[in-house]
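6 protein chains.
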Amino acid sequence: MKTAICPGSFDPVTNGHLDVIERAARLFDRVIVVVVVNVDKHPAFTLSERVDMIRRCVTHLPNVEVDSHNGLLAAYAGEKHATAIVKGLRAVSDFEYEFQMALTNRRLNPGLETVFLTATEDKMYLSSSLVKQVAAYGGDIAPFVPACILPDVEDKFRKDGEQ
Amino acid sequence: MKTAICPGSFDPVTNGHLDVIERAARLFDRVIVVVVVNVDKHPAFTLSERVDMIRRCVTHLPNVEVDSHNGLLAAYAGEKHATAIVKGLRAVSDFEYEFQMALTNRRLNPGLETVFLTATEDKMYLSSSLVKQVAAYGGDIAPFVPACILPDVEDKFRKDGEQ
Amino acid sequence: MKTAICPGSFDPVTNGHLDVIERAARLFDRVIVVVVVNVDKHPAFTLSERVDMIRRCVTHLPNVEVDSHNGLLAAYAGEKHATAIVKGLRAVSDFEYEFQMALTNRRLNPGLETVFLTATEDKMYLSSSLVKQVAAYGGDIAPFVPACILPDVEDKFRKDGEQ
Amino acid sequence: MKTAICPGSFDPVTNGHLDVIERAARLFDRVIVVVVVNVDKHPAFTLSERVDMIRRCVTHLPNVEVDSHNGLLAAYAGEKHATAIVKGLRAVSDFEYEFQMALTNRRLNPGLETVFLTATEDKMYLSSSLVKQVAAYGGDIAPFVPACILPDVEDKFRKDGEQ
Amino acid sequence: MKTAICPGSFDPVTNGHLDVIERAARLFDRVIVVVVVNVDKHPAFTLSERVDMIRRCVTHLPNVEVDSHNGLLAAYAGEKHATAIVKGLRAVSDFEYEFQMALTNRRLNPGLETVFLTATEDKMYLSSSLVKQVAAYGGDIAPFVPACILPDVEDKFRKDGEQ
Amino acid sequence: MKTAICPGSFDPVTNGHLDVIERAARLFDRVIVVVVVNVDKHPAFTLSERVDMIRRCVTHLPNVEVDSHNGLLAAYAGEKHATAIVKGLRAVSDFEYEFQMALTNRRLNPGLETVFLTATEDKMYLSSSLVKQVAAYGGDIAPFVPACILPDVEDKFRKDGEQ
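Residue numbers (my numbering), protein chains in the order written: chain A, 90 to 252; chain B, 90 to 252; chain C, 90 to 252; chain D, 90 to 252; chain E, 90 to 252; chain F, 90 to 252.
What follows is the structure, given as structure tokens:
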């Protein structure tokens, strides 16, 4: 049985992320979506909010689990006996950073492969920061995030605006 | 009559920005330069300083107006009946981000086209952050910003240095 | 009245080209689509076949004309009093070549601006060579070319296959 | 059981190709390396030479088969019930072309995923054309191709030089 | 006698930096490694720690000196009668930023050339921020930094973790 | 004494090439410009025409010699005791190919460094193929090639046109 992990900030999960998760679920026997703690970033959603939102989006994917991790991804992959890290590729700048991470993770855990997938064209240019930017100005984010988390994202930014 | 908007931080306006504004003014009947409020950035110049500096640089362009906006650009373009957003392209990394914005703006306002222009070669690699970096160390910024705002930029950084 | 020219090989015209032509037709008063003779390439379709196919695809666009040209584009643009060359941008490698052409054309004809547009996401990765490759192997090209020229392209490659 | 196909010209197979094939063999239950006929290219090795050389390089990989195909890859993948196409990524220009192919193949065969892997750093910049260029001038190609095909490549270029 | 300067943040120096410094030392008669003060960044190591760590790594290179500078690099190069700035190139995004800096420095000091070198493949994707990220999570950084500074980096992050 | 070689097709030499040669001549004690025979390309000018044109353009550079070579560059550099290959960098696509060549040459000749320089902005986008394209259509190539070879290039394309 091949296990893959799908790491990210998911702040919040977008239709682009979900598209990549669905593809990974077809390629691997078991997929663990991992919300990674990034100390440098100031997320809009708490870790448990982010885990919870993804869980609600993947109920139709029986071989997908959701988890969070604070530490080296290479070590986490080892613990879970994962064969692969799955990443969605959007653009050239993504590609270079992901390349660097892939080579580093391979050095830290030689049995761990990084696998890159591409989202569908119309979801390829989506990003969480774009979603937050549009939401912050009251724009319509329905085309960008899964319907089941739409109220969460709208709520978060309405509340923030009121502060 | 075709209206285009030319958005940016313009912190401060550079010869590269001015070059793109002049080209836009030849292509469209009416051009609105819009200083966009970006909550994530800490600008060196206030919004009104930035608007004022651009105004002084475009007095020779009768079909160019200067404005500022805090909100979604796609909505602003709609209010102004603009057909196009005009952006200068410098480099590959610009290109990818601008691509993402262009596709997002088109989804938020389907009648809105993003049009990319290239500056003259010798202005292509200019950026506001470069100007600020050179000015902060007392370097000569005369080749990089329009002459009419040179004292403003030098003044800002001299004062800041004295603090 | 602003005139723009839309140059290319169009061997054959794709849905991606048509998308860019339609956008150009909204931005400019008059658009001339120009099939450019490229001596280095061995086109699948003759010059007049290519012109004819485009003409049939743009009948719904009253301000669009179709022409062909063998020579410097900058000179052609001058003759037609065009203000702008319009090009669709797909990817980073396009971007660099187009950049070089834009700077060269500007030097040969200083009043001529090159304007870059982006196609809709789902048409962004289309190219004529891809269409020909799929057609050559008997694949379905209906998603890639305008319906009105589909028989022409299928015919061309059926005949070629029989030779 | 998940089947992946690994397509390419392999003219000749390099250490970089072999590295990607070995990674694919760890990720999927069955891997079919497919030498693709490309009518535009003039290969140095015949189709059967290329298939034979790869076969000798993958004898240590029990779940890897070698085949050749003249036609649409998406159709071939369908016949073989393959879930994925595996491609090695080297550089930005690779990335864009592969992107385009991945989106096209997905449209021609919606169940077919393209998966990108990265070779080890020291094999990342290898290419068949580089190998041929070095061999043509009598340079040492031992660091670039698997030892078991070294005589074949040297032989080919010695003979060609004598003609 | 040709003098080159090798500027950077070196927070901390990595095997990739050292590789580029060694190459520069073979190309130029005298090389000055300069730790540049960057007000925007919050370095993990103090300026004197960074200078000291580099000094210990270059004891085998008799024509290499280490210095620090707070100000315009172009002016510093002028004071030192340097002919060239030497920079290591890793990736496309590096390339664009470095291009911009090279053109700016040339304008500020016309006699100053920027020279780009590439590190060995297996050091090409290394960066100080990657080292810090791995160290912060207790990962093994021995493959990434020179052995003589390994205790310094481990110490710094152990202490920081205890705070 | 440090020797550098400056390889290229130079078909014909452009102002961009000359700019890079002049920079190399300031950085190194001796520079050998080498016209490299590329069997895949069909040059417009013969090898001796190309060597002769460069010679006439570098008479003001006493430490620059011009030569031609048919074979591996790494071997040629070894014979000439060259420390470095100097290449001008224009764009991202250049960068990747040059990277690959630099790593290959280093493997074939470990003492050989590849050094990248950038041309002046207004010469950065020049290429020999662009010059030939403009000349073939009777466009003005005076801004693109050194004045001393202008008649040679015009002559070549006038004659070719008459054939």
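Just so you know, even glycine gets a beta-carbon here, dropped at the ideal spot from N, CA and C. Here the structure is a predicted model, which is why all the values come from computation and not from measurement.
Partners in chain C for residue i, counting only beta-carbon separations shorter than 8 Å
{"i": "D211/A", "result": "E210, D211"}
{"i": "R112/B", "result": "E202"}
Contacts around residue i, its chain only, beta-carbon distance under 7 Å, and the 5 residues preceding and following it disregarded
{"i": "T172/B", "result": "K91, T92, A93, E202"}
{"i": "A114/A", "result": "V120, L150, N152, V153"}
{"i": "N104/B", "result": "K212, L215, F233, V234, P235"}
{"i": "F246/E", "result": "A224, A225"}
{"i": "N194/A", "result": "L162, A163, I174, L201, T203"}
Proximal residues to residue i (C-beta, below 8 Å), its chain only, five neighbours per side dropped
{"i": "E154/A", "result": "R119, V120, I121, V122"}
{"i": "D108/A", "result": "G177, A208, T209, K212"}
{"i": "H230/E", "result": "The amino acid occupying residue 230/E in the given sequence is Ile; His does not appear at that position. Taken in chain order, the residues that qualify are V220, V223, A224, L239, V242, E243."}
{"i": "H170/B", "result": "T92"}
{"i": "K130/C", "result": "S98, D100"}
{"i": "L192/D", "result": "none"}
Neighbour list for residue i in chain D, Cβ cutoff strictly below 8 Å
{"i": "G228/C", "result": "L161, A163, A164, L197"}
6 Å Cβ shell around residue i - same chain, five flanking residues per side excluded
{"i": "N159/F", "result": "V126"}
{"i": "D156/F", "result": "I121, V123"}
{"i": "E251/E", "result": "Its pLDDT being 49, under 50, E251/E is placed unreliably by the model, and nothing is read from it."}
{"i": "P96/A", "result": "V123, V125, L162"}
{"i": "R179/F", "result": "M213"}
{"i": "Y165/D", "result": "H158"}
Three-state secondary structure assigned by DSSP to residue i
{"i": "L215/E", "result": "coil"}
{"i": "S137/B", "result": "helix"}
{"i": "D108/C", "result": "helix"}
{"i": "A240/C", "result": "The sequence shown places Pro at residue 240/C, rather than the Ala named in the question. The answer is helix: DSSP assigns P240/C an H, G or I state."}
{"i": "L121/F", "result": "Looking at the sequence itself, residue 121/F is Ile, so the reference to Leu does not match. Three-state DSSP puts I121/F in a strand."}
{"i": "I264/C", "result": "This structure cannot speak to residue 264/C, because chain C is shown only from 90 to 252."}
{"i": "A231/A", "result": "coil"}
Contact set between residue i and chain C, taken where Cβ atoms lie within less than 9 Å
{"i": "T203/D", "result": "The premise fails here: T203/D is roughly 12 Å from chain C at the closest Cβ pair, so nothing lies under 9 Å."}
{"i": "L136/D", "result": "Neighbours of L136/D on chain C: none; closest Cβ ~16 Å, over 9 Å."}
Beta-carbon proximity of residue i to residue j, cut-off 8 Å
{"i": "L162/C", "j": "V204/B", "result": "no"}
{"i": "D183/D", "j": "P132/D", "result": "no"}
{"i": "V102/D", "j": "I238/D", "result": "yes"}
{"i": "V147/E", "j": "I110/E", "result": "yes"}
{"i": "G228/C", "j": "N198/C", "result": "no"}
{"i": "S137/A", "j": "S217/A", "result": "no"}
{"i": "R144/A", "j": "L206/A", "result": "no"}
Neighbouring residues, chain B, relative to residue i (Cβ below 9 Å)
{"i": "T172/C", "result": "R115, L116"}
Under 8 Å from the C-beta of residue i: neighbouring residues of chain E
{"i": "P232/B", "result": "R196"}
Contact set between residue i and chain E, taken where Cβ atoms lie within less than 7 Å
{"i": "L150/A", "result": "Residues of chain E passing the Cβ test: none, with the nearest at roughly 29 Å."}
{"i": "L219/B", "result": "Q189, T193"}
Chain A residues whose Cβ lies nearer than 8 Å to that of residue i
{"i": "V223/E", "result": "L161, T193, L197"}
Under 7 Å from the C-beta of residue i: neighbouring residues of chain B
{"i": "T92/C", "result": "Those within 7 Å of T92/C in chain B number zero; the least Cβ separation is about 11 Å."}
Interface residues of chain F facing residue i [CB-CB closer than 7 Å]
{"i": "L107/E", "result": "Going along chain F, no residue has its Cβ under 7 Å from L107/E, so there is no contact; the nearest lies around 15 Å."}
Which parts of the segment 150 to 226 of chain D are runs of the alpha helix (DSSP H), unbroken and 4 residues or longer, counting only runs that do not cross its ends?
162 to 168, 181 to 197, 217 to 225, all fully within the segment 150 to 226 of chain D.
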